[in-house]
Amino acid sequence: MAGVSVTIKKRILFVLISFFLMFFGLIGRLVFIQIINGDDYLKKAVDQWTKDIAIPSKRGIIYDRNGKKLAVSATAYIIYGRPAQIKDKATMAKILSEVLEMDEQTVLKKISDNKSNVLIKQKVDSEKVNQLREKLLENKLNGIEFVDDCKRFYPQANFASHLLGFTNNDNTGQDGVEASFDKYLNGFPGRNIVMTDGHGDELPGSDRKYFEPQDGLNLMLSIDEVIQHFAEKAIENAQIENKAKRAMAIVMDPKTGDILAMVAKSDYDNNEPRKAPAEVADKWATMKDKEQLDELYKVWRNPILSDSYEPGSTFKIITSAAGLEENVVKPDDKFFCSGFITVGGHRLKCWRSYRPHGSETFTQGVQNSCNPVFIEVGQRLGKEKFVKYIKAFGFGAPTNVSLPGEASGIVRDVSAVGPVELANIAFGQGITVTPIQLITAVSAVANGGYLMEPRIAKKLIDNDGNAVHEFEPRVVRQVVSKETSEVLRGILASVVSEGTGGGAMVPGFKVAGKTGTAQKAENGRYISGKYVASFVGFAPANDPKVAVLVVIDEPGGSSTFGGVIAAPVVGSIIGDTLRYLDVKPQYTEEEAKKFERPIVKVPEIRNMNYKEAVKELTKLKLQYRLDDDNNPAPESLVLDQTPKAGAEVNEGTVVILYAQSVAP
């Protein structure tokens, strides 16, 4: 019995020791879980218990300077799935893929995931959501959740496309003012946090936390929608008529630097920025992702900011301004054009070398755009002074316009400017500029000599219409004196009235400007048959209200001269803009007989139907135009008009109508 007793005791002792070891092991494990790694396990538990859904903020509206909406946030939805609640996953995947136009296998994989909720699709419009809800109800399926979202919408599609830019699926600005003012427009997203059970259902009486999203601020631009329409139409016609690779225009208020219009054609629909460009649409499906992206970048790129070119004779304005300011030339100084001039052993021709200009004053040299005259002015200035003025006018550096992708252009260092380089730069070769730089510099000549920073945004506004911040006009520096500005304005006015810029004439308004025709260069060599035709002008010459630059890239029509194909486009935009701004024309006696028309008062046509409004305008011999290319029904309502009721205008003035169809 003693032997048995010892054996039992040993066994009992072994069991006790094993029990205590297991007990202390469990205690150690609990200490490890609860104390050492307690925070990690708590976080995992909370993740399983909670459903945290982001609530997007509403992106701010983008307005033109008069409060017209250019970009808005339309109602949309984010669709989430709760896999644990979806019983018939195959049917659910089929319905979702059909309504949302998604790949069925991709959807099936999403809703089969071992997560409490999965994102299915963003930016779904109300029509599709209603359709989806009906299908789910019909098939008695649960497990889909709809969360309010915002979808960016551009009411006029490709209107001011390069200027406005676009957003991605997360409502983040990707280009244009959408990108450069994103931190103001985007706001702050909210969150909806609820406690759930293993099936993803909200626990009764659980602590729900809802954080309200903060809407973004609204942005008022310097752009005027009406002037933008004038420029868009004129540039579209110019590109088509001249079979050009590209055409662009920028309209500026020279006194403030406000950009009133910015157009580059070809463009794109901001609502569908990733749609295949027309030029490659037929082979889009066969292209690789990188190839597609490269093509899209070409379309998105804003050449007014990002592309530099040799300005040709439009740059002679800068040479003239520097020469007059430094007093190395006067309007009546005599020059002689023999058709060419020899510099550093190189013969540099005048554009009209086949029939030289002969004896001419400096003013006549500007009117004739005579290269030898400007070469001599450049020589009188010397390279140090000339380069100083070129940089003072803003060339060789970004203008700091609040838009992405701005280039600096190329200005040679003084040490790299020899006699031939100096001569070439004086008439607009051997230097590259961007359109935004050139219009800004010419505006300085027009406004009394002050270089203004281009302004694209006027102010930020909250949802109650209060100004949160205003972007004031900024003077960068004074480049030339008011006296030089006044003299040069008169000379440039004579270019239009008596010289190569006659195509920019506008009856009743004195237009000043300069033509430009430059041969394109690639890899250091000029390309035969490829030109950039341009014209830059402002009006009225004695008190400029508007400056316009038009650039036509690689025209393929009957002419490549800026004075022939670009000047009339500038004249058209200036004429329409000045009349719209109610700048009173001052006709010469001859013009008065031909163009002056009786004054009539614009009637009140808001809230009238379209048919009646047209009848009223026609009765007063006023023309009309819609603010887009749609053809409204006769019963459509006129929501707004420009000019406003009561404005006194000439017979034949165009009244712009903003119409919207009456709901059926």
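Taking the working numbering, the leading residue of the sequence shown gets 0, the next gets one more, and so forth.
For glycine and all other residues, C-beta sits at the position ideal for the given N, C-alpha and C.
Review point. Taking the alpha-carbon positions, what's the G429 to L638 distance?
Key: Against the sequence shown, residue 429 aligns to sequence position 430. Against the sequence shown, residue 638 aligns to sequence position 639. Each residue's alpha carbon lies about 52 Å from the other.
Review point. If we ignore side chains and look at the alpha-carbon of each, how far apart do T362 and Y525 end up?
Key: Numbered from 1 along the sequence shown, position 363 holds the residue referred to as residue 362. Numbered from 1 along the sequence shown, position 526 holds the residue referred to as residue 525. Answer to the nearest angstrom: the Cα atoms are 30 Å apart.
Exercise for review: Please classify D628: does DSSP put it in a helix, a strand, or coil?
Suggested key: In the sequence shown, the residue the question calls residue 628 occupies position 629. For D628, the pLDDT reaches just 49, beneath the cut-off of 50, and the residue's location in the model is therefore unreliable, although a value from the coordinates is still provided. Coil, per DSSP.
Practice item. My understanding is that D124 touches A75, with C-beta atoms under 8 Å, so please give their C-beta distance in whole angstroms. Key: Within the sequence shown, numbered from 1, the residue matching residue 124 stands at position 125. Within the sequence shown, numbered from 1, the residue matching residue 75 stands at position 76. Confirmed, Cβ separation roughly 6 Å.
Check your understanding: Roughly how many angstroms separate the alpha carbons of S305 and K57, rounded to a whole number?
Key -> In the sequence shown, counting from the first residue as 1, residue 305 sits at position 306. In the sequence shown, counting from the first residue as 1, residue 57 sits at position 58. Using only the alpha carbons, I get a separation of about 31 Å.
Point to revise | Where K93 sits in the DSSP three-state scheme | key: Taking the sequence shown and counting its residues from 1, the one referred to as residue 93 is at position 94. If DSSP states are grouped into helix, strand and coil, K93 belongs with the helices.
Exercise for review: Compute the Euclidean distance between the alpha carbons of S4 and L15, then round it to the nearest angstrom.
Suggested key: For this step, residue 4 is matched to residue 5 along the sequence shown. For this step, residue 15 is matched to residue 16 along the sequence shown. So the alpha carbons of these two residues sit roughly 16 Å apart.
Exercise for review: Identify which residue in E290, N367, T285 and V376 has its Cα closest to the Cα of T318.
Suggested key: Within the sequence shown, residue 318 is the residue found at index 319, counting from 1. Per the Cα distances, V376.
Point to revise | For E647, three-class secondary structure by DSSP | key: Position 648 of the sequence shown, counted from the start, is the residue given in the question as residue 647. Three-state result, E647: strand.
Review point. Where does the unbroken beta strand (DSSP E) through I526 begin, and where does it stop?
Key: Start at 1 with the first residue of the sequence shown, and residue 526 comes out as number 527. Segment R524 to A538, the beta strand (DSSP E) holding I526.
Point to revise | alpha helix (DSSP H) segments (min. 4 residues) lying fully within the region 479-531 | key: Note on the region 479-531: whole alpha helix (DSSP H) runs with a minimum of 4 residues are 481-497, in chain order.
Exercise for review: Assign V474 to buried or exposed, taking buried as 16 or more other Cβ atoms, counted over all protein chains shown, within 10 Å of its Cβ.
Suggested key: Here residue 474 refers to the residue found at position 475 when the sequence shown is read from its first residue. Exposed, since its Cβ has fewer than 16 Cβ neighbours within 10 Å.
Exercise for review: Return helix, strand or coil for T362, following the three-state DSSP convention.
Suggested key: The residue labelled residue 362 in the question sits at position 363 within the sequence shown. Helix.
Check your understanding: Where are the beta strand (DSSP E) runs, 3 residues long or more, that stay fully inside the region 234-322, in chain order?
Key -> 245-251 and 258-264
Check your understanding: What are the start and end residues of the beta strand (DSSP E) that includes G80?
Key -> As a first step, residue 80 is located in the sequence shown; it is residue number 81 there, counting from the start. Run containing G80: K68 to G80, per the beta strand (DSSP E) assignment.
Point to revise | Contact belief for G500 with K513 at Cβ below 8 Å, rounded distance in angstroms | key: Here residue 500 refers to the residue found at position 501 of the sequence shown. Here residue 513 refers to the residue found at position 514 of the sequence shown. Indeed, because the Cβ distance is near 7 Å, the residues count as touching under 8 Å.
Review point. When burial is assigned at 16 or more other CB atoms within 10 Å of the CB, is N141 buried or exposed?
Key: Position 142 of the sequence shown holds residue 141. Around the Cβ of N141, a 10 Å sphere holds fewer than 16 other Cβ atoms; the residue is exposed.
Point to revise | DSSP beta-bridge partners of L656 | key: If you number the sequence shown from 1, residue 656 lands on position 657. DSSP output for L656 lists L625 and Q640 as bridge partner(s).
Practice item. Assuming G574 contacts F508 (C-beta within less than 8 Å), just tell me the rounded distance between them. Key: Position 575 of the sequence shown, counted from the start, is the residue given in the question as residue 574. Position 509 of the sequence shown, counted from the start, is the residue given in the question as residue 508. At roughly 7 Å, the Cβ-Cβ gap stays under 8 Å, so G574 and F508 are in contact.
Check your understanding: Can the beta-carbon of D268 be found closer than 9 Å to that of S160?
Key -> What you label residue 268 is simply residue 269 of the sequence shown in a count that begins at 1. What you label residue 160 is simply residue 161 of the sequence shown in a count that begins at 1. In this structure, S160 lies closer than 9 Å to D268 by Cβ.
Exercise for review: Under the assumption that I249 contacts P434 (Cβ atoms under 8 Å), give the Cβ distance between them as a whole number of angstroms.
Suggested key: As a position in the sequence shown, residue 249 is number 250, starting the count at 1. As a position in the sequence shown, residue 434 is number 435, starting the count at 1. Right, the Cβ-Cβ distance comes to about 6 Å (below 8 Å), so this counts as a contact.
**Study point:** Sub-9 Å separation of S72 and K88 beta-carbons
**Key:** Against the sequence shown, residue 72 aligns to sequence position 73. Against the sequence shown, residue 88 aligns to sequence position 89. Contact: no.
Practice item. For S312, collect the residues of the same chain with a Cβ closer than 7 Å to its Cβ; drop the 5 residues on either side in sequence, then sort them by chain order. Key: For the purposes of this step, residue 312 is taken as the residue at position 313 of the sequence shown. Excluding sequence neighbours, S312 sits near S368, F426, G427, K513, T514, G515 and T516.
Practice item. Thinking N370 and C349 are a contact (beta carbons under 8 Å), I'd like their distance in whole angstroms, please. Key: For this step, residue 370 is matched to residue 371 along the sequence shown. For this step, residue 349 is matched to residue 350 along the sequence shown. Rounded, the Cβ-Cβ distance is 5 Å, consistent with contact.
Review point. Leaving out five residues before and five after I234 in sequence, what residues of the same chain have Cβ atoms less than 6 Å from its Cβ?
Key: As a position in the sequence shown, residue 234 is number 235, starting the count at 1. Closer than 6 Å at Cβ, skipping near neighbours: A246, A248, V262 and K264.
Review point. Within 10 angstroms of its Cβ, does D628 collect 16 or more other Cβ (buried), or is it exposed?
Key: As a working mapping, residue 628 is identified with position 629 in the sequence shown. With a pLDDT of 49 at D628, under the threshold of 50, the modelled position of this residue cannot be trusted; read the value that follows with caution. When all chains shown are included, D628 counts as exposed.
Point to revise | For K610, the nearest candidate out of P602, E100 and L636 (CA to CA) | key: Residue mapping note: residue 610 aligns to position 611 of the sequence shown, counting from 1. For the residues P602, E100 and L636, the minimum Cα distance to K610 belongs to L636.
Check your understanding: Measuring CB to CB, does G651 end up less than 9 Å from R596?
Key -> In the sequence shown, residue 651 corresponds to position 652, counting from 1. In the sequence shown, residue 596 corresponds to position 597, counting from 1. Yes.
Exercise for review: Could you spell out the range, first to last residue, of the alpha helix (DSSP H) harbouring T617?
Suggested key: By one-based count along the sequence shown, residue 617 stands at place 618. Unbroken alpha helix (DSSP H) run through T617: Y609 to K618.
Exercise for review: Give the single residue among S96, D181 and F335 whose Cα lies nearest to the Cα of D214.
Suggested key: Numbered from its first residue, the sequence shown carries residue 214 at position 215. Residue D181 is the option with its Cα nearest to D214.
Exercise for review: With DSSP collapsed to three states, give me the class of L723.
Suggested key: In the structure as shown, the chain starts at 0 and stops at 663, and residue 723 therefore has no counterpart that could be examined.
Check your understanding: Can you name the start and end residues of the alpha helix (DSSP H) that A83 belongs to?
Key -> Indexing the sequence shown from 1 puts residue 83 at position 84. Counting along the chain, A83 falls outside any alpha helix (DSSP H), and DSSP gives it neither H nor E.
**Study point:** Span of the beta strand (DSSP E), counted from its first residue to its last, around Y449
**Key:** Mapped onto the sequence shown, residue 449 falls at position 450. Counting along the chain, the beta strand (DSSP E) containing Y449 begins and ends at Y449 to M451.
Check your understanding: In whole angstroms, what is the alpha-carbon distance linking R300 and Y308?
Key -> Within the sequence shown, the letter at position 301 stands for residue 300. Within the sequence shown, the letter at position 309 stands for residue 308. Each residue's Cα considered, the two are about 15 Å apart.
Check your understanding: Taking the alpha-carbon positions, what's the R454 to E126 distance?
Key -> As a first step, residue 454 is located in the sequence shown; it is residue number 455 there, counting from the start. As a first step, residue 126 is located in the sequence shown; it is residue number 127 there, counting from the start. When rounded, the distance between both Cα atoms is 40 Å.
Check your understanding: How would you call N65, buried or exposed, if buried means at least 16 neighbouring beta carbons within 10 angstroms?
Key -> One-based indexing of the sequence shown puts residue 65 at position 66. Counting Cβ neighbours within 10 Å, N65 comes out exposed, since fewer than 16 surround it.
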